[in-house]
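Enquirer: Got a structure here, written out as structure tokens. Questions coming.
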Amino acid sequence: MDILAGLIQTAFLAGGVLALAALGEVLAERVGVVNLGVEGLIALGAMSAVATVVGTGSPWLGLIVALLVGLGAGMVFATATVVVRANQVLCGLALTYIGTGMAATIGKPFSGSPVPATFEDIHIPLLSDLPFFGRAFFSHNLLVYIIFLALPLALHYMMFYTRHGLNMRAVGENPAAADAAGIPVMKMRFWYTSLGASLAAGAGAYLTLSFVPSWSEGVVAGRGWIAVALVIFAGFRPINAVLAGLLFGFVTALGFVGQARNWPVAASFLSMLPYLGTMALMIVPVITWQRMRRLMAAPEGITQPYYRDQR
Amino acid sequence: MSTIRLQRMPIAPAKVSFVLRIISVLLALLTTAIVLWATGRDPIALGGKVISSTFGSTFGLEDLSLLLSPLIYCGLAVAVALRIGAWNIGAEGQFNFGAFCAAGIALFVPGPTWLILILMMVAGAIGGALWILIPTLARAYADVSELITTLLMNFVAMLLVYWVATGPWLDPSGMALATTARLPVSVPPVWGIVHWGLPIGIILAFALALFFTYTRWGYEVRIAGANAGAASYAGMPVKTQLIGVMLLSGAIAGLGGMMEVAGTVGRLQGGISNNYGYIGIMVAVLARAAPLGVLATAFFMAVILNGGIILQSQGLTTHTVLAVTGLILLYAAIGDEAAHYKVLRTKTGES
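Chains as they are written, first to last, in my numbering: chain A, 459 to 769; chain B, 166 to 516.
Written out as structure tokens, the structure reads:
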């Protein structure tokens, strides 16, 4: 029982990175832009957060700086893909390369050293004292509650219960019709893509300030790509995205426990689990549940640039 | 009075695209120079140093050729898949697994050198093809994006190579850490330390160019890549072609891995792919997926990569090159879109 509780606690901690990055990707893909730069954005956010904390000692300031850096990078990406309408796959790969390379170059001086300050855990009174699972669910830092509770619920409400959310989804499904209905297609695409990038960089800050607590070159380790894959698996829905993140946090936690308890499997194989698991999740549901394939389909206008004069 | 107006054309003229490609590369280098200058380094002196130490000595040219070989294989791998409209982002993984299979043959199969080398080439190619098999089948039969699945396999391959090199295949002599013993056979050299991997890669590029231009199969692949619906309506076996081309793509990357482990490095170790697979994407995109173009862009990227190694002494990391690569890719993507536009002058009141 203790093992399971520990697993769940680590799952929240490890899954938070994927969950937040996936939420950001949901925003971008819902307005029709695939951002393959998540990996680079996480690296940039992770590095700039650590740099800020080394300088100021405040993790919250680190998070804010990471969010702003992500917003800036996202605006560059959105300018290229939404305004200029360049190929989204190429621009996304470019963003991954630039982000990874820049983060490694700028972050070199403080690579490997522990972060001086991290987010503190909040023990919710009474609830965290519950037997077995109290600590697993109710004893995390504030960011965990924001990522797994506040943000997905707010985004879900916004996307599916407000006029603005309907407009946003319309932009991703059929930009020409949305444009005809008076929805500012370009503005929506630009800002939601940038905002999504900002969240991805925030996931990086979470990674280095709460989960790993240190910065090094390989710290992102493909989490950005897993997040992109999870969005597809989650059917482009914020709550599903967060749950998928949690599931993969659990898989990661399983690897940690395996290493700590000397399971007769090499650590490298345990580290493969998240990648192989993502592969399985991308392939198996598509084959087995035909109905889900339609229900969870991608927005119709995804990856397609919108030209008003060529409707 | 006349106004200037931009009009988008559905097809970009080849000449305009080519010129914009070159301009975007120059702009990316200029941006890099500005960043270097802003951080207190002298970009002109550094550039001069890169050029003189790359082209000014035999050592530099040999290093350049050693970098060129894996970039040609990875670039060709990505380019071949692009021809049919598939993104092979997993050349890195196929390269690693090809190297792994080839090293396995060299370490554990006894026999005459020439036979072992041929077996290693076959094993490397088959290994690379195997590594892309699942993403290929998933794309062909379940329409799962190969872009992400091929990429995820990279991490698995790198962990696998790291594991064998530090565990079961670790050098028993204890002389080296985190690597296998020196392979008993190696690809013979053609010039100095440059081995046969490079000429074979160049021959492969020419063979692929001929294949795409002059064979029916190559023609059908091009059609299927341009418009899968039309190709399938015309009775071409699009699915079979997709599978065949993607497996070929993996095999080329795997062969590149074999050449690297048996020619350049001589041992299997973690990180043997050194981002070649990712830079290969860049090589293929810049070459517009043309096999002969790959030779030119691979050479260009080899110079950049070699420059990065030289600049390491200036407080930059090897990853800095990745950022420069990304910058070129970003400008190239923008340039591609810009090539579609034509500037029109119209007299006001007329239109």
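Note that CB positions come from ideal geometry on N, CA and C, so glycine has one too.
1. Need the endpoints of the beta strand (DSSP E) that A:D579 sits in, please.
2. State the CB to CB distance for the pair B:I291 and B:L407, rounded to an integer number of angstroms; the pair is presumed to be in contact (CB under 8 Å).
3. A:G680: which of A:H622, A:A479, A:A463, A:V629 sits nearest, CA to CA?
4. Quick check: is the beta carbon of B:D336 nearer than 8 Å to any beta carbon in chain A?
5. Looking only at C-alpha atoms, which of A:T620, A:P642, A:L519 sits nearest to A:V629?
6. Does the beta-carbon of B:M401 have 16 or more other beta-carbons within 10 angstroms, so that it is buried, or is it exposed?
7. For A:S729, which residues in chain B fall below 7 Å Cβ to Cβ?
8. Just reading off the alpha helix (DSSP H) that B:M397 is part of, what are its end residues?
9. Answer yes if the region 387-399 of chain B comes into contact with the region 225-233 of chain B, meaning at least three C-beta pairs across the two stretches below 8 Å, and no otherwise.
10. Considering B:L553, what are the terminal residues of the alpha helix (DSSP H) in which it resides?
11. Below 9 Å between beta carbons is the criterion; list the residues of the region 471-503 of chain B that meet it against any residue of chain A, in chain order.
12. One question on the structure: do A:T736 and A:A687 come within less than 8 Å of each other, judged by their Cβ atoms?
13. According to DSSP, simplified to helix, strand and coil, what is B:Q434?
14. Using the beta-carbon count (16 or more within 10 Å), is A:N698 buried or exposed?
15. With three or more beta-carbon pairs closer than 8 Å as the criterion, would you say the region 498-510 of chain A touches the region 663-674 of chain A?
16. If you measure between the beta carbons of A:F839 and A:V484, is that distance less than 8 Å?
17. Run through the region 187-231 of chain B for me and flag every whole alpha helix (DSSP H) of 4 or more residues, listed as ranges in chain order.
18. What does the Cβ neighbour count give for B:P235, buried or exposed, with the cut at 16 atoms within 10 Å?
19. My guess is that A:L502 and B:A498 are in contact by the Cβ rule of under 8 Å, so how many angstroms apart are they, rounded?
20. Is A:G703 close to chain B, meaning its C-beta is less than 8 Å from at least one C-beta of that chain?
21. What are the boundary residues of the beta strand (DSSP E) that includes A:N599?
22. Where do the ends of the beta strand (DSSP E) carrying A:S668 lie?
23. Of all the beta strand (DSSP E) runs that stay within the bounds of the region 529-591 of chain A, which reach a length of 3 or more residues?
24. Of the choices B:P349, B:A303, B:Y327, B:V352, whose alpha-carbon is the least far from that of B:L342?
25. So if I threshold CB-CB distances at 8 Å, which residues from the region 674-690 of chain A count as touching chain B?
26. Taking only three categories from DSSP, how would you classify B:Y236?
27. Give me the chain A residues within the contact set of B:V468, using Cβ-Cβ distance strictly less than 8 Å, ordered along the chain.
Expert: So, from the listed chains and residues:
1. 579-581
2. That belief does not hold up - the Cβ atoms of B:I291 and B:L407 are roughly 19 Å apart, past 8 Å.
3. A:A479
4. no
5. A:P642
6. buried
7. L324
8. Reading off the sequence, residue 397 of chain B comes out as Ser, not Met. Note, B:S397: alpha helix (DSSP H), 393-398.
9. no
10. What is shown of chain B runs 166 to 516, which leaves residue 553 of chain B out entirely.
11. G480, L481, T482, T483, H484, T485, V486, L487, A488, V489, T490, G491, L492, I493, L494, L495, Y496, A497, A498, I499, G500, D501, E502, A503
12. yes
13. strand
14. buried
15. yes
16. Nothing can be reported for residue 839 of chain A, as the shown portion of chain A is limited to 459 through 769.
17. 208-220
18. buried
19. Between B:A498 and A:L502 the Cβ distance is about 19 Å, and since that is not below 8 Å, they are no contact.
20. no
21. 597-599
22. A:S668 -> no beta strand (DSSP E), and no H or E assigned at all.
23. 579-581
24. B:Y327
25. E675, A679, G680, W683, I684, V686, A687, I690
26. Here the sequence assigns Leu to residue 236 of chain B, which means Tyr is not the residue at that position. In the structure shown, B:L236 sits in a helix (DSSP, three-state: H, G or I).
27. Those within 8 Å of B:V468 in chain A number zero; the least Cβ separation is about 17 Å.
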